[in-house]
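Residue numbers (numbering that gives the first Met the number 0), protein chains in the order written: chain A, 0 to 170; chain D, 0 to 120; chain B, 0 to 397.
Single-structure report; data block below.
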Amino acid sequence: MIAELVIFIILGTVAVATGVAVILSKNPVHAVLFLVINFFSVAMFYLVLSAQFVAFLQILVYAGAIMVLFLFVVMLLNLTGAIESVQDKLPAQKWVGLALGIALLLEAGVVTAAGVFRQVPAAPPPSPNFGTSAPVGVKLFFDYLLPFEVTSVLLLIAIVGSIVLARRRTY
Amino acid sequence: MLVQYLPFLVLFIVAVAFAGGAMVLSRLLGPKRPSATKLEPYESGMVPIGGTRGRFPIRFYLVALLFILFDIEIIFLYPWAVIFLEAGAARVFLFFEILVFLGVITVGYVYIWRKGALDWE
Amino acid sequence: MPEILVFLLIKLILVIVIFALWMTMVPLLIWLERKVIADIQVRLGPNRVGPFGLLQPIADAIKLIMKEDITPALVDKWVYGLAPAMLMVPAFLAIAVIPIGGVVTIGERSFALQIMGLYRGPGLFVPELDAGILLVLALSSLGVYGVVLSGWSSANKYSLLGGMRSSAQMLSYELPLGVALVGPLLLAGTLRLNGVVEAQADYGIWFIVPQLVAFAIFLMSGTAEINRSPFDLPEAEQELIGGYHTEYSSFRFAMFFMAEYVNMVTISAVAATFFLGGYRLFFNDIVWLQPVWFVLKLMAFLYLFIWVRGTLPRVRYDQLMKLGWKVFLPVALGNLLVTGLVIAFSPANTILVMSIVGALLGIATFFGLSYAIVYGLRRRRPESERRVVEPTRAGVSE
Numbered sequence: 000m001i002a003e004l005v006i007f008i009i010l011g012t013v014a015v016a017t018g019v020a021v022i023l024s025k026n027p028v029h030a031v032l033f034l035v036i037n038f039f040s041v042a043m044f045y046l047v048l049s050a051q052f053v054a055f056l057q058i059l060v061y062a063g064a065i066m067v068l069f070l071f072v073v074m075l076l077n078l079t080g081a082i083e084s085v086q087d088k089l090p091a092q093k094w095v096g097l098a099l100g101i102a103l104l105l106e107a108g109v110v111t112a113a114g115v116f117r118q119v120p121a122a123p124p125p126s127p128n129f130g131t132s133a134p135v136g137v138k139l140f141f142d143y144l145l146p147f148e149v150t151s152v153l154l155l156i157a158i159v160g161s162i163v164l165a166r167r168r169t170y
Numbered sequence: 000m001l002v003q004y005l006p007f008l009v010l011f012i013v014a015v016a017f018a019g020g021a022m023v024l025s026r027l028l029g030p031k032r033p034s035a036t037k038l039e040p041y042e043s044g045m046v047p048i049g050g051t052r053g054r055f056p057i058r059f060y061l062v063a064l065l066f067i068l069f070d071i072e073i074i075f076l077y078p079w080a081v082i083f084l085e086a087g088a089a090r091v092f093l094f095f096e097i098l099v100f101l102g103v104i105t106v107g108y109v110y111i112w113r114k115g116a117l118d119w120e
Numbered sequence: 000m001p002e003i004l005v006f007l008l009i010k011l012i013l014v015i016v017i018f019a020l021w022m023t024m025v026p027l028l029i030w031l032e033r034k035v036i037a038d039i040q041v042r043l044g045p046n047r048v049g050p051f052g053l054l055q056p057i058a059d060a061i062k063l064i065m066k067e068d069i070t071p072a073l074v075d076k077w078v079y080g081l082a083p084a085m086l087m088v089p090a091f092l093a094i095a096v097i098p099i100g101g102v103v104t105i106g107e108r109s110f111a112l113q114i115m116g117l118y119r120g121p122g123l124f125v126p127e128l129d130a131g132i133l134l135v136l137a138l139s140s141l142g143v144y145g146v147v148l149s150g151w152s153s154a155n156k157y158s159l160l161g162g163m164r165s166s167a168q169m170l171s172y173e174l175p176l177g178v179a180l181v182g183p184l185l186l187a188g189t190l191r192l193n194g195v196v197e198a199q200a201d202y203g204i205w206f207i208v209p210q211l212v213a214f215a216i217f218l219m220s221g222t223a224e225i226n227r228s229p230f231d232l233p234e235a236e237q238e239l240i241g242g243y244h245t246e247y248s249s250f251r252f253a254m255f256f257m258a259e260y261v262n263m264v265t266i267s268a269v270a271a272t273f274f275l276g277g278y279r280l281f282f283n284d285i286v287w288l289q290p291v292w293f294v295l296k297l298m299a300f301l302y303l304f305i306w307v308r309g310t311l312p313r314v315r316y317d318q319l320m321k322l323g324w325k326v327f328l329p330v331a332l333g334n335l336l337v338t339g340l341v342i343a344f345s346p347a348n349t350i351l352v353m354s355i356v357g358a359l360l361g362i363a364t365f366f367g368l369s370y371a372i373v374y375g376l377r378r379r380r381p382e383s384e385r386r387v388v389e390p391t392r393a394g395v396s397e
């Protein structure tokens, strides 16, 4: 229990720190790399929650595929110099965001202090193979059959969309 | 069962220590004699012309985009493969399930093929 | 001593042993590669340092570590410095799930010869990592960062071009690589590498027979994935100077090559595990000898990689991309569907039916692929660009 708390605090610190670093990095490529580290810490959260299979998917899909595309785009648009010359069109949003952020933090603090989470009963310990590939497969291919098949339509739409976006003259 | 991942952490530390140690060692052992020519981008002895970070054909983005989509498709195959052998009578059902899934994606695959997105000329 | 410490101690020893195995394979492989390529080209190869030139890789490593580590003026210092490590660390981490032997029992404890493997002691049971092969795939997709970032951070247009080419190639070939592995997994019914090996022992046949097509696709895609010849486009010297590592020098330069060789050993290890029965022989043998069989199978694949490099000319980039997307990916998916079909519908003795179907399918694919590679992948110019003069002999039409 103590060990899990320590791991949670370490991971939480890493996640928040890299999240802040993403926003504050002047160089967009650095921001992408911080986001990758952030995704790793999220994957480790899944591991702590015994969701092993999801954790590996998180790394495989987010860190291994989606962030590579981000990196390609950011890298090749070569924005490094351009960022500083961009004018903030909504100067108010910074302050509104700050106010809302503080409000959220206060709310979370109040809710935690009020002890709302203490009333949640502790979950029974998961079975040994919980979160591994086989139970995930059974859930996915028997219980959630329709969402799974609809995913293929979603992917199809995305494939068509990517071609439409990339189209020039020839294709 | 977080104990399970401890060996991986050990391996990670060993790998990082090896990579980091080797880089630090070569920093310490190697000479340091920088000169203006040495620090220029290397283009086989020619003086570099133009910018160093140009823009790139859209094809590279397209490959990365399509990779994400097909990668997600493939990941669905893994849990399917794990439960397939043990499924008994449900195998036929599972088979047609994945056939429909792959069938829909194949429509997209044929589409990108016909649109020429897979040709690099 | 509490059980958890015993567990950690045993795992630490395993990490050191397996890491050391890979670290001895790398210089050995470099030496072997130079010797074999030299033989193919009727040269002598390294023969000065140590017996048969065996110490040459070590001499090279010492030389490289003593060289000046240049950081060019325009580079992004942080990313430039870290990129070689980003390539090398994932390469090393993939060894965590490779089983080099079966389960050994010492007294009341038993454990697998695998870093993330099974451990059973008094009061502590740790199962093998369930998502084993996914870890290998995830780490190989992370290798893209090292390639693309070393190209980008170098502030050199040839490095960038090499990095982009290489990363697009790695992404494209990850797909057939991933699909090809699903075929054997269907027969094994698990993602654990140890389970795949034991499944082959239970069936009494190596998966290379029922999954001949998957084997061929895996091997070729794997070659492309680790940027080996004949798919070593990022290092096409005539076009790109050195590719994404043009600007690197000293040991950071060596790290790119080390990562490449480590990846080569790992791909060979995965191939041996999935298709050649891993550490098992056909009969039950002594567990402590199993690493020997494993290393022998590994060496066979490594030799094959070297042989291919000495024999085949480099593929052109547009052909390479076409081959991955238009040939390997659909063929791998077809193999997967045939395997599923056989398992779902075969009345009895699935593995026998699958072996016959698989072998026939393999032969058919061999001829089909040869045809596709020789005729189908040639670049067809549009009519307007074609040369007016018609070729006089068949086979030289372009």
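Every residue, glycine too, gets a C-beta built ideally from N, C-alpha and C.
- Straight through space, the alpha carbons of Val261 of chain B and Val25 of chain B are spaced by roughly 6 Å.
- Flagged as an interface residue toward chain B: Leu59 of chain A, by a C-beta distance shorter than 8 Å.
- About 6 Å separates the Cβ atoms of Pro175 of chain B and Gly323 of chain B, confirming a contact at the 8 Å cut-off.
- Shortest Cα-Cα distance from Gly20 of chain D to any of B:Trp30, B:Leu186, B:Arg251 and B:Ala179 involves B:Arg251.
- Within 8 Å of the CB of Met74 of chain A, the CB atoms of chain B belong to Val147 and Trp151, in sequence order along the chain.
- Neighbours of Leu185 of chain B across chain D, judged by C-beta separation under 8 Å: Ala80, Phe83 and Leu84.
- In the displayed model, Ile97 of chain B falls within coil according to three-state DSSP, outside both helix and strand.
- Scanning chain B for C-beta atoms nearer than 7 Å to the C-beta of Gly29 of chain D yields Met65, Lys66, Glu67, Asp68 and Ser249, reported in chain order.
- Put simply, the backbone Cα of Glu32 of chain B is about 10 Å away from that of Asp38 of chain B.
- Two segments are said to touch when three or more pairs of C-beta atoms, one from each, lie closer than 8 Å; by this definition the segment 66 to 86 of chain B does not touch the segment 140 to 155 of chain A.
- DSSP places Arg90 of chain D inside the alpha helix (DSSP H), whose first and last residues are Arg90 to Arg113.
- Under a criterion of Cβ atoms nearer than 7 Å, no residue of chain B is adjacent to Phe38 of chain A; the nearest Cβ is some 11 Å distant.
- Beta-bridge analysis with DSSP links Ile105 of chain B to B:Arg108.
- For Tyr316 of chain B, the chain D residues whose Cβ falls inside 8 Å of its Cβ are Trp119, in order along the chain.
- Between the segment 287 to 299 of chain B and the segment 55 to 74 of chain B there are fewer than three C-beta pairs closer than 8 Å, too few to call the two in contact.
- Unbroken beta strand (DSSP E) runs of no fewer than 3 residues, entirely contained in the segment 110 to 175 of chain B, are found at 118 to 120 and 123 to 125, following chain order.
- Between the alpha carbons of Asn26 of chain A and Leu75 of chain A lies a gap of roughly 13 Å.
- Boundaries for Gly114 of chain A: no alpha helix (DSSP H) harbours it, and the DSSP string shows neither H nor E there.
- DSSP, reduced to helix, strand and coil, places Asp284 of chain B outside both helices and strands of the structure shown, so it counts as coil.
- The beta carbon of Arg119 of chain B sits closer than 6 Å to those of Ser109, all from its chain and outside the five residues before and after it, given in chain order.
- DSSP places Lys10 of chain B in the uninterrupted alpha helix (DSSP H) bounded by Glu2 to Ile39.
- Contact of Glu96 of chain D with chain B is not assigned, every C-beta pair being separated by 8 Å or more.
- The continuous alpha helix (DSSP H) containing Phe256 of chain B extends over residues Ser249 to Phe274.
- Here the alpha carbons of Ala42 of chain A and Pro346 of chain B stand approximately 42 Å from one another.
- Under the three-state reduction of DSSP, Trp79 of chain D is assigned to helix.
- Contact of Leu10 of chain A with chain B is not assigned, every C-beta pair being separated by 8 Å or more.
- Between Val146 of chain B and Leu86 of chain B, the C-beta spacing is below 8 Å.
- Taking the Cα of Val307 of chain B as reference, the smallest distance to any Cα among B:Leu359, B:Gly161, B:Pro83 and B:Ile36 is reached at B:Ile36.
- Around the C-beta of Asp75 of chain B, 16 or more other C-beta atoms lie within 10 Å, and the residue is accordingly described as buried.
- For Val110 of chain A, the closest Cβ of chain D is not nearer than 8 Å.
- The straight-line gap separating the alpha-carbon atoms of Gly107 of chain D and Ile158 of chain A is approximately 6 Å.
- Annotation for Ala133 of chain A: the continuous alpha helix (DSSP H) segment containing it runs Ser132 to Val137.
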